[in-house]
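The working numbering applies: residue 32 is where the sequence shown begins, and numbers increase by one. Reading through the structure tokens given below for one structure.
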Amino acid sequence: MHRRTVILGVAASDSHAVANQLIAHTLRARGFQVVNLGTCTTVEEFAAAHRGHPDAEAVLIGSLNGHAYEDLRDLPAARARGLLGCPVIVGGNLSVGSHKQSADIERLYALGVHRVLGDAADLPAVLDELAARTSAGAA
Ligand code: B12
32 MHRRTVILGV AASDSHAVAN QLIAHTLRAR GFQVVNLGTC TTVEEFAAAH RGHPDAEAVL
92 IGSLNGHAYE DLRDLPAARA RGLLGCPVIV GGNLSVGSHK QSADIERLYA LGVHRVLGDA
152 ADLPAVLDEL AARTSAGAA
């Protein structure tokens, strides 16, 4: 039976582990194979994990310390090298400070992130939507 796979981790400068563990637990309980790279994961490490699991539906990257943009700056270069060809979903507390601006989100999309989410509870629905879109494209 085909097991749905996702790659999960926390951005390179970030050591916040709680949401990461909860997300892994929740998705495993829903039947996903979760390749969890844990905290302080570089774009290069996400790309290596995707090479090892090319069937992964998405790469899920958490960031809480406010430095998501800086940590993901290598994403366009990785894509230009043909790496990380699956959807990348980023979530958490994505910029420094309590006042969030739409520009903080827009610059993540400009790096090539597919979805930016505030709440990990939205992940299952978003993964289902992306999977449905992929299989509709393949049909
Ligand atoms: C616990 C904690 C720590 C612990 C972490 C311990 C550990 N091993 O995890 C310690 C003390 C180490 C720590 C350190 C730091 N922390 Co801290 N920390 C927190 C705290 C209190 C709770 C975080 C937490 O675990 N929440 C529980 C989880 C379940 O909730 P959550 O993380 O918010 O996740 C939700 C969403 O964000 C989202 N989400 C999270 N990840 C993902 C991933 C994906 C893929 C998706 C889709 C969604 C998603 O879904 C979750 C459920 O809704 C928060 C404040 C707060 N109350 O949130 C500050 C906070 C995150 N920390 C903060 C800061 C600044 C730091 C430090 C830089 C402090 C310092 N000067 O050293 C360091 C950073 C270290 C580093 N290199 O990253 C700030 C970030 C500010 C910002 N972004 O502007 C916060 C918000 C505190 C604050 N108000 O200032 N921290």
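For glycine and all other residues, C-beta sits at the position ideal for the given N, C-alpha and C.
Excluding the 5 residues flanking V147 on each side, which residues of the same chain have their C-beta closer than 6 Å to its C-beta?
Here residue 147 refers to the residue found at position 116 when the sequence shown is read from its first residue. Same-chain partners within the cutoff: V121, I136 and L139.
Give me the Cα-Cα distance between R82 and A109, rounded to the nearest whole angstrom.
By 1-based counting over the sequence shown, the position of residue 82 is 51. By 1-based counting over the sequence shown, the position of residue 109 is 78. For R82 and A109, the distance between alpha carbons rounds to 12 Å.
For A108, name the three-state secondary structure that DSSP assigns.
Locating residue 108 in the sequence shown gives position 77, counting from the first residue. Note: A108 maps to helix in three-state DSSP.
Is G122 near the ligand B12, going by C-beta to nearest heavy atom under 7 Å?
Residue mapping note: residue 122 aligns to position 91 of the sequence shown, counting from 1. Yes, since a heavy atom of the ligand B12 falls inside the 7 Å radius drawn around the Cβ of G122.
Beta carbon of N67: closer than 7 Å to some heavy atom of the ligand B12?
Locating residue 67 in the sequence shown gives position 36, counting from the first residue. No, since every heavy atom of the ligand B12 falls outside the 7 Å radius drawn around the Cβ of N67.
Touching by the beta-carbon criterion (3+ pairs, under 8 Å), the region 33-53 and the region 72-87
yes
Check T70 in the structure and name its three-state DSSP category.
Working through the sequence shown from its first residue, we reach residue 70 at position 39. In the structure shown, T70 sits in coil (DSSP, three-state: anything other than H, G, I, E or B).
Check whether the Cβ of A60 lies closer than 7 Å to any heavy atom of the ligand B12, and answer yes or no.
Numbered from 1 along the sequence shown, position 29 holds the residue referred to as residue 60. A60 Cβ: outside cutoff for every heavy atom of the ligand B12.
For A50, report the span of its alpha helix (DSSP H) as first-last.
Locating residue 50 in the sequence shown gives position 19, counting from the first residue. Taken as a continuous stretch (DSSP letters only), the alpha helix (DSSP H) holding A50 covers V49 to A60.
Cα-Cα separation, H56 to V49:
Translated into the one-based positions of the sequence shown, residue 56 becomes position 25. Translated into the one-based positions of the sequence shown, residue 49 becomes position 18. Answer to the nearest angstrom: the Cα atoms are 11 Å apart.
DSSP three-state assignment for L103, whether helix, strand or coil
Your numbering for residue 103 matches position 72 in the sequence shown. Three-state result, L103: coil.
Which term fits G116, buried or exposed, when burial requires 16 or more other beta carbons within 10 angstroms of its beta carbon?
Locating residue 116 in the sequence shown gives position 85, counting from the first residue. Exposed, by the Cβ-count rule.
Could you give the residue range of the beta strand (DSSP E) that holds V157?
Along the sequence shown, read from residue 1 onward, the residue named residue 157 stands at position 126. Unbroken run through V157 is the alpha helix (DSSP H), L154 to A169; no beta strand (DSSP E).
Which one or two residues does DSSP pair with R146 in a beta bridge?
Sequence index remark: in the sequence shown, residue 146 carries index 115 (1-based). According to DSSP, R146 bridges with I120.
Helix, strand or coil, according to DSSP, for A87 in the structure here?
Numbered from its first residue, the sequence shown carries residue 87 at position 56. Of the three classes helix, strand and coil, the one that applies to A87 here is coil, per DSSP.
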